[in-house]
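Each residue of the sequence shown is one higher than the one before, counting from 5 in our numbering.
Working notes, structure below.
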Amino acid sequence: MKTTPIFIGIVGPSGAGKSTLCKALKENSKEYEHIKLDNYFKSPKTFPKKFGFPNWELPSNLKFNILLSDLKKLKAGKIVRTKTFPKRKGAKPEPLTLQPKKYVLVEGFMLYKNKEIRNFLNKKIYLDIPKKLMLERRKIRFGENHVNDHDTKVAIPEFLKYGITQKKYADIIINANKPQNEVILEVKKVINVL
């Protein structure tokens, strides 16, 4: 008899290492599935603009209802067939199959803004980093040609407005301003007691 998956939320600002953490856990064990909130964006054409940039940082840009539906299917032991949401220009969505594994890691920058999702999760983790590190890591991720104005005028201020308030919903806050392997070990300890 299969056990019901345990759903673990991973939230934190851009550059906190959410995706890296989840990928590492999934690559090292067959017990993990990884779901990215980024795959549940609405069309960017619908996003309001701020300082001339499309504002990706709003909870209203996300299809939480579809994510919740997919999570419920996994809880019922069903496989979910969905697709990726490509952010890079010219990239196309790719098919994605989600399995109802023992641990389902659900990561995203605005995940806890939705009450139904919060209530669905078995454990809520928040990866915390300072604002300065957010900027440094975004520069590394997006490269030298990345528009820094977008970070300083939109991405970071919006996360400080909407995202940082999610700390109050977390069961545990982890300092992600340390080597990734230490963060992974700390998260594993949290998961192992579930």
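Glycine included, each C-beta is placed from N, C-alpha and C at the ideal position.
| query | result |
| --- | --- |
| Unbroken stretches of the beta strand (DSSP E), 3 residues or longer, contained in the stretch 34-110 | 36-40, 84-87, 99-102 |
| Counterpart residues of PHE11 in DSSP-defined beta bridges | VAL108 |
| Start-to-end residues for the alpha helix (DSSP H) that takes in LEU29 | 22-32 |
| Short Cβ contact (9 Å threshold) for ILE121 with LEU75 | yes |
| LYS182 - DSSP class collapsed to helix/strand/coil | coil |
| Distance between ILE39 and THR101 (C-alpha atoms, nearest Å) | 10 Å |
| Whole-Å CB distance - PHE55 paired with LYS192, under 8 Å assumed | That belief does not hold up - the Cβ atoms of PHE55 and LYS192 are roughly 40 Å apart, past 8 Å. |
| Check whether ILE10 and LYS119 have beta carbons under 9 Å apart | no |
| Coarse secondary structure for ASP175, derived from DSSP in three states | coil |
| For LEU189, the three-state DSSP class (helix, strand or coil) | helix |
| Buried or exposed by the 16-neighbour rule on C-beta atoms within 10 Å, applied to LEU198 | exposed |
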